[in-house]
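Chains as they are written, first to last, in the working numbering: chain A, 7 to 224; chain B, 7 to 224.
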């Protein structure tokens with residue numbers, strides 16, 4: 007019974023690791039849609055959403071089944087609850103990629119981003135995907151040194167986000183109000199995507215090492 | 007043992023009902039801070055945050071303890087997992103009220119909102135608080151008829167959000183880019199606050215009646 011339990015637990019970690027990777031790929035695709043006004047990438051992210059929701063729900067069910075399989079002791083119980091919460095983070099990460107894709111679709115064939123801000127969003131997209139991949143690594147092989155690395159990358163995203171606002175508020179901003187709204191919302195979606203990726207990793211590291219990694223957002 | 011279980015379950019519902027009410031009060035206070043550039047309201051919301059986080063964590067612990075108390079059968083297990091997820095919604099609702107309060111604090115002594123948009127945010131704030139209170143009622147006394155009522159109020163919020171964008175995009179908008187960014191972010195915070203309130207109610211109604219209330223956001 008214990009062996010079955012540990013086997014199921016490691017299957018669950020693999021399931022969630024795959025979902026981190028998928029959320030990262032969807033955000034990569036959404037970024038492509040945004041940067042290139044690429045309708046087919048946007049459509050793909052939006053169409054994939056139902057599948058991602060189903061996969062997250064299936065992962066959640068696996069975790070609940072683990073709870074039902076046997077009465078886990080205190081630490082294990084807490085751990086399974088954390089895995090359940092991670093499925094919610096992953097579900098949200100995909101929803102945020104969908105939001106980015108929907109803005110790209112809404113403005114198509116126009117580009118959402120004025121040319122002067124494309125480089126910044128290339129960076130923002132790169133960091134977001136990197137964080138999703140880092141979360142995947144943590145889920146699959148959790149080690150304490152990865153916590154510091156995650157914090158650094160999240161700081162990188164905060165810095166990019168600050169630069170975004172300084173571009174928007176620069177008197178030379180030519181994009182007008184509609185574009186400023188789109189850019190503000192996209193910035194917020196990427197920021198939240200990263201918060202969730204960090205949250206996934208934070209929960210896993212805490213489970214494995216007992217080291218509490220500080221929350222990323224008030 | 008079963009009696010103890012049901013007693014603890016109803017204590018948990020009361021705990022979460024109180025938290026819905028508190029989240030509503032914090033958003034009411036944050037709205038006051040926003041509409042009146044009222045620094046002391048803003049500070050109070052921000053300072054209360056740690057307490058709200060602790061209360062949500064305590065509610066989560068109560069739910070986990072319920073899991074540990076006895077091996078619940080399938081339906082009950084699912085139900086406790088939902089209660090755990092509700093604590094995350096409540097935690098986020100308070101974080102979103104804090105975001106609104108922080109924008110008010112950042113711009114103080116200036117007003118965040120241009121005068122022409124104050125009436126709209128009065129409405130948005132009212133609907134947000136109403137939804138939190140409705141979620142509280144559902145948590146404390148869940149009945150199926152409340153699902154339809156929640157959907158209506160969420161539609162009301164969507165309509166207000168649409169009006170917000172049409173004001174921002176009106177050629178007569180005088181607020182400039184900085185104000186448009188603030189208004190866009192505040193709009194998003196209220197919208198997400200309402201999504202979480204609806205999500206709380208949706209989960210409870212599903213638990214009690216088996217009626218799946220559609221998700222509010224892709």
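In this text, a Cβ means the ideal position worked out from N, Cα and C, and glycines have one as well. This structure is a prediction, so every number in the text was calculated from the model and none was measured.
- Using beta-carbon distances, residue 42 (chain A) does not count as an interface residue toward chain B, since no partner is under 8 Å.
- Among the residues of the stretch 71-98 of chain A, those with a Cβ less than 8 Å away from any Cβ of chain B are 73, 74, 77, 80, 83, 84, 87, 90, 91, 94, in the order of the chain.
- Taking 7 Å as the cut-off between beta carbons, none of the residues of the stretch 196-208 of chain B comes near chain A.
- Put simply, the backbone Cα of residue 182 (chain A) is about 9 Å away from that of residue 174 (chain A).
- The beta carbon of residue 162 (chain B) lies closer than 8 Å to those of 133 in the same chain, with the five residues before and after it left out.
- The beta carbons of residue 144 (chain B) and residue 152 (chain B) sit closer together than 8 Å.
- For residue 55 (chain A), the uninterrupted alpha helix (DSSP H) run begins and ends at 45-75, by DSSP.
- Residue nearest to residue 121 (chain B) within the set B:199, B:41, B:103 is B:41 (criterion: CA-CA distance).
- Residue 130 (chain B): member of the alpha helix (DSSP H) spanning 124-146, first to last residue.
- Pairwise C-beta distances place the stretch 99-118 of chain A out of contact with the stretch 88-97 of chain B, as fewer than three of them are shorter than 8 Å.
- When the alpha-carbon of residue 23 (chain B) is set against those of B:73, B:85, B:35, B:96, the nearest one is in B:96.
- Taking a C-beta distance under 8 Å as the contact criterion, residue 192 (chain B) and residue 160 (chain B) do not qualify as a contact pair.
- Not one beta carbon of chain B lies nearer than 8 Å to the beta carbon of residue 109 (chain A).
- In the three-state reduction of the DSSP assignment, residue 164 (chain A) falls in the helix class.
- Short of 7 Å from the beta carbon of residue 54 (chain B), and not among the five residues preceding or following it, lie these beta carbons of its own chain, in chain order: 32.
- With its beta carbon less than 8 Å from one in chain B, residue 184 (chain A) belongs to the interface.
- Residue 21 (chain B) and residue 87 (chain A) have their C-alpha atoms roughly 19 Å apart.
- Out of B:82, B:43, B:141, the CA that lies nearest to the CA of residue 110 (chain B) is found in B:43.
- When 7 Å is used as the limit between beta carbons, residue 175 (chain B) is near these residues of chain A: 183, 184, in chain order.
- Within the model, the alpha-carbon separation for residue 49 (chain A) versus residue 115 (chain B) is close to 45 Å.
- A residue is called buried once 16 or more other Cβ atoms fall within 10 Å of its Cβ, and residue 202 (chain A) is buried on that count.
- In chain order, 202 place their CB closer than 7 Å to the CB of residue 98 (chain A), counting only its own chain and leaving out the 5 sequence neighbours on each side.
- Counting only the Cα atoms, residue 51 (chain A) lies some 30 Å from residue 14 (chain A).
- Taking a beta-carbon distance threshold of 8 Å, residue 187 (chain B) counts as an interface residue toward chain A.
- Residue-level contact by beta carbon fails for residue 169 (chain A) and chain B, as no gap is shorter than 8 Å.
- Around the beta-carbon of residue 66 (chain A), 16 or more other beta-carbon atoms lie within 10 Å, marking it buried.
- When B:146, B:195, B:172 are compared, the shortest CA-CA separation from residue 130 (chain B) is found for B:195.
- A distance of 8 Å or more separates the beta carbons of residue 72 (chain B) and residue 146 (chain B).
- Between residue 126 (chain B) and residue 169 (chain B), the C-beta gap is smaller than 8 Å, which places the two residues in contact.
- Looking from the CA of residue 82 (chain A), the closest CA among B:74, B:123, B:79, B:164 belongs to B:74.
- Burial check for residue 176 (chain B): the Cβ neighbour count within 10 Å stays below 16, so the residue is exposed.
- One alpha carbon belongs to residue 38 (chain B), the other to residue 9 (chain B), and they sit about 44 Å apart.
- For a Cβ distance threshold of 7 Å, nothing in chain B lies close to residue 64 (chain A): the least Cβ distance comes to about 14 Å.
- Assigned with DSSP and collapsed to three states, residue 116 (chain A) falls in coil, not helix or strand.
- The beta carbon of residue 194 (chain A) sits closer than 8 Å to some beta carbon of chain B.
- CA-CA distance, residue 58 (chain A) to residue 100 (chain B), rounds to 28 Å.
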